[in-house]
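Worksheet: one structure, shown below.
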Amino acid sequence: MGTVNVKNGGQLVVDALRGFGTERVFCVPGESYLPVLDALHDADISTIVCRQEGGAAMMAEATGKLTGKPGICLVTRGPGATNASAGVHIADQDATPMILLIGQISTRRRHREMFQEVDYQQFFGGMAKWVAEIDSTDRVPEMMSRAWHVATSGRPGPAVLALPEDTLQQQSAVDSSVVVQQTETYPGVDQLAQMKQLVEQSRHPLAIVGGSRWSAEAVMQFTRFAERFGVPVACSFRRQMLFDHSHPNYVGDVGLGINPALKDAIKNTDLLLLIGCRFSEIPSQDFALLDVPNPGCKVVHVYPDAAELGKLYVPTISINASATAFCKTVDTLQPAGAHMRKSFIDTAHLSYREWSSLEHAIPTAATMQKVMINLIEVLPADSIICNGAGNYASWVHRFYTFKQYNTQLAPTSGSMGYGMPAAIAGKLAHPERTVVAFAGDGCFQMTMQEFGTAVEFGAAVIVLVVDNGMYGTIRMHQEQNFPGRVSATNLKSPDFAALAESYGAFGATVEEGSQFPDAFARAIESKLPALIHIKTDPDALTPTLSLSKFQ
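The numbers in this note's numbering rise by one with no breaks, and the one at position 205 of the sequence shown is 231.
And the structure:
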């Protein structure tokens with residue numbers, strides 16, 4: 027039992043955060059949760075004050091991705107909560123543990139359409155794992171503990187707790203200690219034996235790794251399994267840091283703009299191992315690679331939530347286990363004999379290497395081609411690469427060589443504006459590492475106000491704003507579906523480098539790719555938050571697709 031003292035609800039909330047092992051919270055302050063802010067004043071928890079609640083929630087979500095523990099976001103009621111929904115949606119679709127704490131009106135005044143009153147269960151009910159309101163100060167430790175366990179158990183996701191003003195202001199002598207423990211699920215002995223047999227009997231197996239609940243150790247354990255059993259490995263959409271791209275068993279990423287050879291390999295495999303991923307719309311290429319519900323090949327599906335197993339595809343073997351537990355177990359398996367798939371694996375790996383060669387870039391994409399050549403050459407292997415959504419991200423997905431776990435922060439939900447807040451969270455968590463955020467001119471302007479957060483809290487991120495003067499992805503689809511009818515896709519942008527300099531940060535503009543290496547080196551040397559404004563030819567819709575093709 028912990029020490030029993032009389033405390034108000036705000037102090038109990040912060041005690042619970044301490045029990046979680048929380049190092050920092052992300053917030054936009056509001057009068058609706060002043061007792062929590064007051065309790066944070068004396069706590070050994072860093073309070074990161076953001077510029078908009080959507081950015082704060084994205085930072086909390088990115089923290090959850092990096093740590094496997096719930097990222098914490100604090101916002102005020104009404105518009106504060108609705109602004110934060112962008113980050114909650116990312117946490118939901120990306121299966122990221124996160125807790126959103128919302129200031130709320132007094133319990134005694136509900137249902138009067140009070141100032142900024144919102145029914146949070148209705149608003150967040152479709153995108154959060156659990157939504158509740160703490161109706162009594164005595165129940166703060168209980169409800170906070172439940173939020174942590176819901177957010178981390180099974181398929182991780184966001185939990186939302188509303189904190190009424192009277193709950194935070196009133197006092198209680200309840201035991202404030204909160205103890206949390208990760209719930210783990212392991213594969214059964216029979217399931218492992220069956221899977222081992224399937225792998226050894228398969229002619230052309232293929233593993234796809236993805237999702238959450240991984241660790242650096244789990245990645246290494248699965249790598250050893252793939253080596254011993256002769257299994258080529260692909261990474262699911264925006265989860266490329268789950269397997270070393272330079273490893274001979276790596277065969278590419280299963281996302282937007284997939285390598286046609288890898289696409290064919292998935293279609294023709296006789297055994298597919300889905301490890302930690304749901305294989306939803308993007309990796310499945312709009313559900314075209316496997317039939318629903320009968321996939322058309324043998325499938326071993328490993329996932330930490332039983333509700334997801336068989337939800338889309340009926341697997342040959344369902345294994346209800348987290349990636350960490352599964353990999354720990356399969357690391358003990360030994361094959362009956364040497365596999366005979368070296369030629370098969372080598373061919374697939376060579377296909378990946380050829381597909382990811384920057385020589386494929388079209389002439390009008392020369393600037394970004396040179397940018398990527400430089401980054402691949404100079405970035406340390408542990409650098410954290412962040413991005414939001416847009417065609418510019420294909421430069422990262424197709425060409426960058428991820429080699430280590432926890433080096434990618436990207437939204438499978440396809441949320442614009444994510445790269446900048448995620449980079450701040452990454453740099454605060456790992457100040458010793460280089461953190462680079464890719465953003466299009468449209469993507470960056472969704473959350474560019476958070477550059478001020480980076481400056482205030484000394485997060486020396488490097489933001490690469492890829493500026494083609496338009497919403498490029500939408501323009502591409504517009505030209506494909508309504509050729510020659512440009513509507514609502516042009517963008518007027520500021521001088522982004524001048525914006526950075528106005529904050530006292532480093533800013534530089536790159537008009538041509540040869541200027542980038544020097545600009546990037548100076549950004550690193552500045553040890554300040556940095557922004558490099560990269561002006562690109564609007565003809566290059568993607569690294570390999572020209573706008574002029576449609577004209």
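Ideal placement from N, C-alpha and C gives every residue a C-beta, glycine not left out. In this text the structure is predicted, and so the values were computed from the model without any measurement.
Through-space distance from residue j to residue i, alpha-carbon basis
i, j, result
"H503", "A219", "47 angstroms"
"H327", "F370", "23 angstroms"
"I402", "A449", "18 angstroms"
"E334", "D565", "42 angstroms"
"V166", "R239", "27 angstroms"
"R50", "L66", "10 angstroms"
"T193", "E143", "16 angstroms"
"T535", "Y426", "22 angstroms"
"V200", "G416", "49 angstroms"
"D223", "C303", "Going by the sequence as given, residue 223 is Gln instead of Asp. When rounded, the distance between both Cα atoms is 22 angstroms."
"A387", "P569", "5 angstroms"
"M27", "S203", "Its pLDDT being 45, under 50, M27 is placed unreliably in this model, and the value from its coordinates should be taken loosely. Approximately 7 angstroms, taken between the alpha carbons."
"E24", "A549", "Residue numbering for the chain in the displayed model covers 27 to 577; residue 24 lies beyond these limits and cannot be assessed."
"T133", "V101", "18 angstroms"
"M496", "C323", "42 angstroms"
"A17", "G80", "Because the chain here runs from 27 to 577, residue 17 falls outside it and cannot be looked at."
"F255", "T89", "34 angstroms"
"L297", "Q195", "58 angstroms"
"F464", "V489", "6 angstroms"
"V39", "D161", "13 angstroms"
"S310", "K289", "9 angstroms"
"L316", "G336", "13 angstroms"
Residues bridged to residue i (per DSSP)
i, result
"A260", "I234, G278"
"F470", "Answer by DSSP bridge pairing: none, since F470 is not bridged."
"P184", "M124"
"N413", "F464"
"T535", "H559"
"S72", "R50"
"V328", "I301, I345"
"D493", "K561"
"L435", "C412"
"G129", "L189"
"S198", "K33"
Cβ-Cβ separation, residue j to residue i (assumed contact under 8 angstroms), whole Å
i, j, result
"R181", "P330", "6 angstroms"
"F248", "C353", "5 angstroms"
"P231", "L299", "7 angstroms"
"P447", "M153", "Wrong, their Cβ atoms sit about 18 angstroms apart, outside the cutoff."
"G63", "P55", "The residue you asked about is not Gly; residue 63 is Leu in the sequence shown. Correct: roughly 6 angstroms between the Cβ atoms."
"C261", "V235", "6 angstroms"
"L126", "P184", "6 angstroms"
Assigned exposure category for residue i - 16 Cβ within 10 Å defines buried
i, result
"Q577", "exposed"
"R424", "buried"
"D493", "buried"
"E210", "exposed"
"V32", "exposed"
"S528", "exposed"
"P105", "exposed"
"P509", "exposed"
"G363", "exposed"
"G281", "buried"
"H559", "buried"
"N346", "buried"
"R501", "buried"
"E505", "buried"
"A366", "According to the sequence displayed, residue 366 carries Met and not Ala. Label assigned to M366: exposed."
"E87", "buried"
"L376", "exposed"
"Q78", "buried"
"P61", "buried"
"K91", "buried"
"D120", "buried"
Proximity of residue i and residue j at Cβ, strictly below 9 angstroms
i, j, result
"F542", "V318", "no"
"I131", "P190", "yes"
"G440", "C412", "no"
"Y146", "A82", "no"
"K95", "F150", "no"
"R265", "T122", "no"
"D408", "T473", "no"
"A314", "A374", "no"
"S344", "Q217", "yes"
"Y418", "M267", "no"
"N285", "Y378", "yes"
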